[in-house]
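Asker:
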Amino acid sequence: MFRILKKEQLAENIWLMDVEAPRIAKHALPGQFLIVRLDAEGERIPLTVCDYDPESGVVQIVFQVVGGETYRMAALEEGDSFHDIVGPLGRPSDLTELSIDELKKMKICFIAGGVGTAPVYCQLKWLKNNGVDVDCIQGARNSSLIILEDEMAAVSNLTVCTDDGSKGIKGNVCVALQQLLDEGREYDRVIAIGPMIMMKFVCQLTKQLGIETVVSMNPVMVDGTGMCGACRLTVGEDVKFACVDGPEFDGHLVNFDEAMKRMTLYKTEEGRLYLQAKEGATHHGGCGTCN
Amino acid sequence: MTAMDMFKRVPVREQEPQVRATNFEEVCLGYNKEEAEAEAQRCLTCKRPFCVEGCPVSINIPGFIARVKEGDVAGAYKIISESSSLPAICGRVCPQETQCEGKCVRGIKGDAVSIGKLERYVADTAKEMGIKPEVTVEKNGKKVAVIGSGPAGLTCAGDLAKLGYDVTIFEALHKAGGVLVYGIPEFRLPKDAVVEKEIENVKALGVKIELDCVIGKSTTVDALLKEEGFDAVFIGSGAGLPRFMHIPGEQSLGVFSANEYLTRSNLMQAFKDDSRTPIMRARKAVIVGGGNVAMDAARTALRLGAETHIVYRRSEEELPARREEVEHAKQEGIIFDLLTNPVEIHADENGWVKSITCVRMELGEPDASGRRSPVVIPGSEFEIECDAVIMSLGTSPNPLISSTTEGLDINRRQCIIADEETGKTTKEAVYAGGDAVTGAATVILAMGAGKAAAKGIHEYLSNL
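Chains C and A, in that order, give the protein sequences.
Counting in the working numbering, the first sequence runs from 5 upward without gaps.
Counting in the working numbering, the second sequence runs from 209 upward without gaps.
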């Protein structure tokens, strides 16, 4: 089980894989995530679902190399298997609870940043299959980091932006959103998925503009079923667990500064493990992230 | 052994506190043959054995101890196996002092017989001798799904397999064992040598285990019954979501739930230097709470190099942890700050914990639980400097299964409603037991519930 059927490099450090996981493929809905373990000693890594096919029992994942474990994952080849994949975890997007008529009346703009493009694609495709048209802004630092562009364009009215202007609008996703609004588009909901810092700034803007905004949070996690509480976030007055109460929350209520601080919890430790994985036993400090 | 000695139990060998405080090897070394047989001699083989009444799974205690006296470990193991699928585990983690040993007649005048240590001796020795539980079962063609591979699930699955059922356990994590694997540390319950071996014994009965399957997400109870052909389902999904205090600063870096800290160390093996899962090796850790989980978290933090404090709002007498765990913790150098309660956690400019403000408490009138409720002493605030705080305040039930199963009722505390005698829930063909029903309790109570439910399921499926 959990065999890799397809592997594709999307950008310098971003990979796409099709993996056999029949139970997940059968039960997954947009907005949910899964947890993978590379091998018998592997760390539990939460990843978003990019696509799933209940018929063939295949799920598609997209991940970015950010540490030792994802570095090892990128070395897996077609035909290799993950040791474990568990899911689908978390609550599906609340869009899946609305009727198609309600969805068609809504004016939604998705905002996808970096690997956050994958879970946005999952939602866009679901909406498209249900005959719902939506806008989407996809942003990255430069054109080489714009992933899945054709796929995204096939399921939404896509606007691309890059920080350096190498593709689409020059500027970040907030600049692009403002431009679309200035052109006369109206939205009653924004759904932003990407780096926390991007979601934070999108929320600052949409709060001013009075547009309801949903974000998908990806904090540190262990079991993914509510047991450990590592993924807790402050949302409004409440403490929520991203794995069972989320991962999607009202972006205007999420305490991003706290969430970003909590992301740094194991940063140094992760950096050390990454370098250990990359450089093997020969790595002996001097990198600034290990002792 | 002199007559006077008969009042004292044979002491069990343990690792020296100073030594064990720096390693994750098992603390208690157990009895050898001579010690076990000497201790067995102390059993009076009562005609009406109160110890058996004290055992949630009703092991024939005088029966197995009589075999130990004769040096017949295989015979003793067979007797225990009739009632328990997990003796090596129970011998280690049961609160015997309030159960079998608490009822032992020897205990009236002197020490109770060391039943737990004898059970452990039998289980460990049988394992060394390569003795497996006997299986001569004819399959009856009926399928039962068991949710969760902790003590309740393993017991229920083992008993049903012995009755001829085709049993599949569904486990959410990547390793079977539930709390035995993610919760209880290596130094109290060795994983490879003990837990895995007991799970292999359950598998040897024909039980299948599907890992990485979260019921309520990967599939549902209703789908198991309607689509996957199971005739009955047992829910032994365990406790749930960790509680926090909701005090200021609780989101700081370095504040963990005991569940997270222990899961990292136990399930993910983060205590080992070569583990790929990180864990915080604190300089000074404050553990909040007084139960067995708090002791486990404290003793883990200590072994990972921290000066460790237990902060508990009542007095020593009310500590819910087993006596033995408290004693072991003290011997190892854990500092108990009793009648103390945290009110605020302070962080440095980078968000990391730097101290915790506590208040002193005094005991007032007994509350609903019969324990004297602690009352804050005004103006008693003081600060403990620390870099980690581990909250060990119990759990609230996980709604994953109850919220996705049609017709499965829960009570006001969100626990699944199930009959104590049979495990029967409000939904046809669905049974439940363990922490999912009672809220956080002990391994042996969960096993008792798993056992009762196996009987309930057998009766239900036999009368269909």
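The beta carbon of each residue, even a glycine, is placed where N, CA and C say it ideally should be.
(1) Relative to chain C, which residues along the stretch 416 to 434 of chain A have a C-beta separation below 8 Å, given in chain order?
(2) Verify the CB distance criterion: does G656(A) have a CB-CB separation below 9 Å to chain C?
(3) State yes or no: is the beta carbon of F67(C) nearer than 9 Å to at least one beta carbon in chain A?
(4) Is the beta carbon of I585(A) closer than 9 Å to that of Q307(A)?
(5) Identify, in the order they occur along the chain, each residue of the same chain with its Cβ nearer than 6 Å to the Cβ of I215(C), setting aside the five sequence neighbours on each side.
(6) Any idea what DSSP makes of A246(A), helix, strand or coil?
(7) May I ask you to check if the CB of A246(A) is nearer than 8 Å to at least one heavy atom of the ligand HEM?
(8) From the DSSP output, read off the bridge partner residues of N161(C).
(9) Do G658(A) and C364(A) have their beta-carbon atoms positioned less than 9 Å apart in this structure?
(10) I'd like to know whether the C-beta of P92(C) is nearer than 9 Å to at least one C-beta of chain A.
(11) Report the residues of the stretch 117 to 134 of chain C with a CB closer than 8 Å to any CB of chain A, ordered along the chain.
(12) Cβ closer than 7 Å: which chain C residues qualify as neighbours of E468(A)?
(13) DSSP on I288(A), reduced to helix/strand/coil?
(14) Measuring CB to CB, does I115(C) end up less than 9 Å from L131(C)?
(15) Looking only at C-alpha atoms, which of V494(A), T630(A) and R300(A) sits nearest to D595(A)?
(16) Strictly below 9 Å CB to CB, what residues from chain A border R7(C)?
(17) I want to see whether chain A comes within less than 9 Å of Y270(C), judged by CB atoms only; does it?
(18) Are the C-beta atoms of I89(C) and some chain A residue less than 9 Å apart?
(19) For F452(A), which residues in chain C fall below 8 Å Cβ to Cβ?
(20) Are R228(A) and F395(A) touching if we call contact CB-CB under 9 Å?
(21) I'd like to know if V248(C) contacts chain A, where contact means its C-beta is closer than 9 Å to some C-beta of that chain.
(22) Whole angstroms is fine: what's the gap from V330(A)'s alpha carbon to L237(A)'s?
(23) Could one say the Cβ of C291(C) lies closer than 9 Å to chain A's Cβ atoms, at least one of them?
(24) Can you give the Cα-Cα distance for L368(A) and V375(A), rounded to whole angstroms?
(25) Quick one: Cα of H256(C) to Cα of G143(C), how far?
(26) Would DSSP call R275(A) helix, strand or coil?
(27) Using a Cβ-Cβ cutoff of 9 Å, what residues of the stretch 614 to 638 of chain A are near chain C? List them in chain order.
(28) Between A282(A) and F272(A), is the Cβ-Cβ spacing less than 9 Å?
(29) Quick check on R484(A) - is its C-beta less than 9 Å from some C-beta in chain D?
(30) So is H256(C) in contact with chain A if we call contact Cβ pairs under 9 Å?
(31) Kindly identify the DSSP beta-bridge partner or partners of A144(C).
(32) Looking at chain C, is there any beta carbon in it that lies within less than 9 Å of the beta carbon of P607(A)?
(33) Between P251(C) and G91(C), is the Cβ-Cβ spacing less than 9 Å?
(34) Would you say R170(A) reaches chain C, if we count a Cβ-Cβ gap shorter than 9 Å as a contact?
Answerer: Taking the definition as stated:
(1) Those would be L419, D420, C421, V422, K425, S426 and T427, in chain order.
(2) Position 448 of the second sequence, counted from the start, is the residue given in the question as residue 656(A). For G656(A), the answer is no, since every Cβ of chain C falls outside 9 Å of its Cβ.
(3) Taking the first sequence and counting its residues from 1, the one referred to as residue 67(C) is at position 63. It does not: the Cβ of F67(C) has no partner Cβ on chain A nearer than 9 Å.
(4) By 1-based counting over the second sequence, the position of residue 307(A) is 99. By 1-based counting over the second sequence, the position of residue 585(A) is 377. Their beta carbons are not under 9 Å apart, which means Q307(A) does not touch I585(A) by this criterion.
(5) As a first step, residue 215(C) must be located in the first sequence, where it is residue number 211. Within the same chain, I215(C) has close Cβ partners Y191 and V194.
(6) Counting from 1 along the second sequence, the entry for residue 246(A) is found at position 38. A246(A): helix per DSSP, three-state reduction.
(7) The ligand content of the structure shown is nil, which means the ligand HEM is not present either.
(8) Taking the first residue of the first sequence as 1, we reach residue 161(C) at position 157. Answer is D139(C), bridged to N161(C).
(9) As a working note, residue 364(A) is residue 156 in the second sequence. As a working note, residue 658(A) is residue 450 in the second sequence. Closer than 9 Å, so yes.
(10) Against the first sequence, residue 92(C) aligns to sequence position 88. Closer than 9 Å to some Cβ of chain A, the Cβ of P92(C) qualifies, so yes.
(11) none
(12) The count along the second sequence starts at 1 and reaches residue 468(A) at position 260. Chain C residues near E468(A): V226, C232, G233 and A234.
(13) For the purposes of this step, residue 288(A) is taken as the residue at position 80 of the second sequence. Three-state result, I288(A): helix.
(14) By one-based count along the first sequence, residue 115(C) stands at place 111. By one-based count along the first sequence, residue 131(C) stands at place 127. Cβ distance not < 9 Å, so I115(C) and L131(C) don't count as in contact.
(15) The sequence position of residue 595(A) within the second sequence is 387, counting from 1. Nearest C-alpha to D595(A): V494(A).
(16) In the first sequence, counting from the first residue as 1, residue 7(C) sits at position 3. Here the premise fails: no neighbours, minimum Cβ distance about 14 Å.
(17) Along the first sequence, one-based indexing puts residue 270(C) at 266. True, the Cβ-Cβ gap to chain A drops below 9 Å.
(18) Residue 89(C) sits at position 85 when you count from the first residue of the first sequence. I89(C) counts as touching chain A.
(19) Position 244 of the second sequence, counted from the start, is the residue given in the question as residue 452(A). Against chain C, the beta carbon of F452(A) has neighbours under 8 Å at G233, R236 and V243, listed in chain order.
(20) For the purposes of this step, residue 228(A) is identified with residue 20 of the second sequence, where counting begins at 1. For the purposes of this step, residue 395(A) is identified with residue 187 of the second sequence, where counting begins at 1. The answer is yes: Cβ separation under 9 Å.
(21) Translated into positions along the first sequence, residue 248(C) becomes position 244. At least one chain A Cβ lies under 9 Å of V248(C).
(22) As a working note, residue 330(A) is residue 122 in the second sequence. As a working note, residue 237(A) is residue 29 in the second sequence. Near 14 Å, if we compare the C-alpha coordinates of L237(A) and V330(A).
(23) Locating residue 291(C) in the first sequence gives position 287, where the first residue counts as 1. Note on C291(C): pLDDT 39, under 50, position unreliable in the model; the coordinate value appears next. No, C291(C) does not count as interfacial toward chain A.
(24) Within the second sequence, the letter at position 160 stands for residue 368(A). Within the second sequence, the letter at position 167 stands for residue 375(A). Answer to the nearest angstrom: the Cα atoms are 7 Å apart.
(25) The residue you call residue 256(C) lines up with position 252 of the first sequence. The residue you call residue 143(C) lines up with position 139 of the first sequence. Linking H256(C) to G143(C) through their CA atoms gives a straight-line distance of about 21 Å.
(26) The count along the second sequence starts at 1 and reaches residue 275(A) at position 67. The answer is helix: DSSP assigns R275(A) an H, G or I state.
(27) none
(28) To locate residue 282(A), count along the second sequence from 1; it is residue 74. To locate residue 272(A), count along the second sequence from 1; it is residue 64. Against a cut-off of 9 Å, the Cβ pair of F272(A) and A282(A) comes out as no contact.
(29) Of the protein chains in this structure, namely C and A, none is chain D.
(30) For the purposes of this step, residue 256(C) is identified with residue 252 of the first sequence, where counting begins at 1. Chain A contact via Cβ: absent.
(31) Numbered from its first residue, the first sequence carries residue 144(C) at position 140. Answer by DSSP bridge pairing, in chain order: T166(C).
(32) Indexing the second sequence from 1 puts residue 607(A) at position 399. Judged by the 9 Å Cβ criterion, P607(A) is in contact with chain C.
(33) If you number the first sequence from 1, residue 251(C) lands on position 247. If you number the first sequence from 1, residue 91(C) lands on position 87. Going by C-beta atoms, P251(C) is not nearer than 9 Å to G91(C).
(34) Any question about residue 170(A) goes unanswered here, given that chain A covers just 209 to 672.
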